[in-house]
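Colleague: One structure coming up, written as structure tokens, with questions to follow.
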Amino acid sequence: MRRSLAVTGIGTLMSGDLASPTIAADTVFIEDGKIAGIGAQSDFDADRWLDAAGATVLPGLIDNHIHPVLGDYTPRQSQADYLAGFVHGGVTSAVSAGEVHTPGRPKDRAGTKALAILAHKAFADHRPLGLRVYGGALLLEEGLTPEDFVELADAGVHLVGEIGISGVKDPETAATMTRWAHDVGMSVMVHVGGKSVPTSRAIDGEYCVQVQPDIAAHVNGGPTAPTIDDVKLILDQSSSAVELVYNGNQRAASDIAALLAETNQLDRLVLGTDSPAGAGIAPAGIMRLLATMCSLAKISPASAIATATGNTARVRGIPGGFIRIGENADLVIADAPDGGQASDMASALEFGDTPAVAAVVIGGEIKVTRSRNTAPPRRTPVFPKLIE
Ligand SMILES: [Zn+2]
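In case it helps, my numbering puts the sequence shown at residues 245 to 632.
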């Protein structure tokens, strides 16, 4: 039997698509975990109804930059249950930038391959509170061969972790291995900015242009920002997407978001938290970064949401990120926090407030009915009886 859910009473529906960031509809109909209809409540007949009570519905946020290890535990901050906490911040998918915090991480050819395959396969089957974790980002080490990339791709590994934080540092080797990765369809990130920890190196725009990755990671600093000229060089001399992270420099994030908007290049922007980092683990970090972009750089909220959803899905080649027929039914009901200045989610972002996450649906299943990590919403959704 098909299992359906209709999310009704939507005040504002954000699509995740920068080209057309809002949709004029009040209901999203979900069947068997996928979006099966978008329209008016009277168009659909569902098993279960979730009334958004006039709040905003958006695609589940995608955190483009996490450093998981295995399971829902990170030894870097001795913290458990942090990935489930992200779901309470409106994040429904998270992409590994490398399992670099693995205690005793092997740095030889066999070991770095084994770690990527293990993390990829383990997270494919481990979903903290439903979170889709894309784990297993290969950390480049000397001695890897083109055949290794073929073997890894066959095992499902489709990510290369941040270049610059593992053994391969010199730009020629990094560029060569990036080509091997691209030949088998992997997406590649380069760490940009100052040294993140004593063992990493500073990487500038020129390095990034030489390597030509899919994504220039944290161009607002991870945690130390490069210069705005480095960012302009990357934008002008590569086709790389650029990433802003919560655990970076917030002033640089605002300046770079404004630059991208002015030059009509917001389609090249993706967002992450870079968790865990020295600044910690921020379950609502993507929401905070969106507030920075909307309040300081004056990016329109629906466009900002698209950079944290559809852009990332497109650049990474992963599902989700859009409210559209056939897509995974990963969505967030969000609103103005109760008691603040804002009237809805968009105006909360414009004021610089963290929106209230009122509900999270992943694969058509209701995972959060009251966020443990944000303020309560102005409008409280009406949930179906959860025990059926
Ligand atoms: Zn980094």
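Glycine included, each C-beta is placed from N, C-alpha and C at the ideal position.
As the structure is a computational prediction, the values presented were derived from the model and not from experiment.
With H, G and I counted as helix, E and B as strand and the rest as coil, what does DSSP make of residue 281?
Modeller: strand
Colleague: Look at residue 626 and residue 398 and say whether their C-beta atoms are less than 8 Å apart.
Modeller: no
Colleague: Can residue 333 be considered in contact with ligand 1, in the sense that its beta carbon sits closer than 7 Å to one or more heavy atoms?
Modeller: No.
Colleague: In angstroms, rounded to a whole number, what distance separates the CA positions of residue 357 and residue 251?
Modeller: The C-alpha of residue 357 lies about 42 Å from the C-alpha of residue 251.
Colleague: In its own chain, which residues sit with a C-beta less than 7 Å from the C-beta of residue 313, not counting the 5 before and 5 after it?
Modeller: Excluding its 5 nearest sequence neighbours in each direction, residue 313 has C-beta neighbours in its own chain below 7 Å: 319, 343, 345 and 346, listed in chain order.
Colleague: Note down, in chain order, each residue of its chain lying with its Cβ closer than 6 Å to the Cβ of residue 537, except the 5 sequence neighbours on either side.
Modeller: Non-local beta-carbon contacts of residue 537 in its own chain, meaning distances under 6 Å to residues more than five positions away in sequence, involve 501, 543 and 548 in chain order.
Colleague: Secondary structure at residue 337, three-state DSSP: helix, strand or coil?
Modeller: strand
Colleague: State the CB to CB distance for the pair residue 622 and residue 580, rounded to an integer number of angstroms; the pair is presumed to be in contact (CB under 8 Å).
Modeller: 5 Å
Colleague: Pick out whichever of 515, 396, 416 and 409 has its Cα sitting closest to the Cα of residue 429.
Modeller: 396
Colleague: Could you give the first and the last residue of the continuous alpha helix (DSSP H) run that contains residue 476?
Modeller: 472-481
Colleague: Just how far apart, CA to CA, sit residue 451 and residue 385?
Modeller: 18 Å
Colleague: Would you grab the beta carbon distance between residue 556 and residue 308 for me? Rounded to a whole angstrom, and I think it's under 8 Å.
Modeller: About 5 Å; that satisfies the 8 Å criterion.
Colleague: Taking Cβ to Cβ, would you say residue 299 is nearer than 8 Å to residue 526?
Modeller: no
Colleague: Could you say which of 387, 391 and 433 lies nearest to residue 409 if we only look at CA atoms?
Modeller: 433
Colleague: Just verifying my parser: in three-state terms, what is the DSSP assignment at residue 262?
Modeller: coil
Colleague: If the criterion is Cβ atoms closer than 8 Å, does the pair residue 304 and residue 334 meet it?
Modeller: yes
Colleague: Any heavy atom of ligand 1 closer than 7 Å to the Cβ of residue 474?
Modeller: no
Colleague: By the DSSP assignment, the alpha helix (DSSP H) with residue 357 in it spans what residues?
Modeller: 353-368
Colleague: Let me make sure I understand the geometry here. Which of 402, 382, 471 and 436 has the alpha-carbon closest to that of residue 496?
Modeller: Nearest C-alpha to residue 496: 471.
Colleague: Examine ligand 3 and report whether any of its heavy atoms sits within less than 7 Å of the Cβ of residue 346.
Modeller: Absence of ligand 3 from the depicted structure is noted, with ligand 1 being the only ligands included.
Colleague: Should residue 409 be listed as close to ligand 1, given that the test is whether its C-beta is under 7 Å from any heavy atom?
Modeller: yes
Colleague: Looking at residue 340: is its Cβ nearer than 8 Å to the Cβ of residue 310?
Modeller: Their beta carbons are under 8 Å apart, which means residue 340 touches residue 310 by this criterion.
Colleague: Curious, which full-length alpha helix (DSSP H) runs of at least 4 residues does the segment 382-434 contain?
Modeller: 390-398 and 415-427
Colleague: Here's the rule I'm using: 16 or more other beta-carbon atoms within 10 Å means buried, otherwise exposed. How should residue 316 be labelled?
Modeller: buried
Colleague: Buried or exposed: where does residue 268 fall if 16 or more other Cβ atoms within 10 Å of its Cβ makes it buried?
Modeller: exposed
Colleague: Would residue 509 be called buried (16 or more neighbouring beta carbons within 10 Å of its own) or exposed?
Modeller: exposed
Colleague: So, at 8 Å on beta carbons, what are the nonlocal neighbours of residue 272 in its own chain, with the 5 sequence-adjacent residues on each side left out?
Modeller: 250, 251, 254, 257, 279, 281, 282, 301, 567, 573 and 575
Colleague: Within 10 angstroms of its Cβ, does residue 506 collect 16 or more other Cβ (buried), or is it exposed?
Modeller: exposed
Colleague: What are the start and end residues of each continuous alpha helix (DSSP H) run of 4 or more residues lying completely inside the segment 533-606, in chain order?
Modeller: 545-551, 554-560 and 589-595
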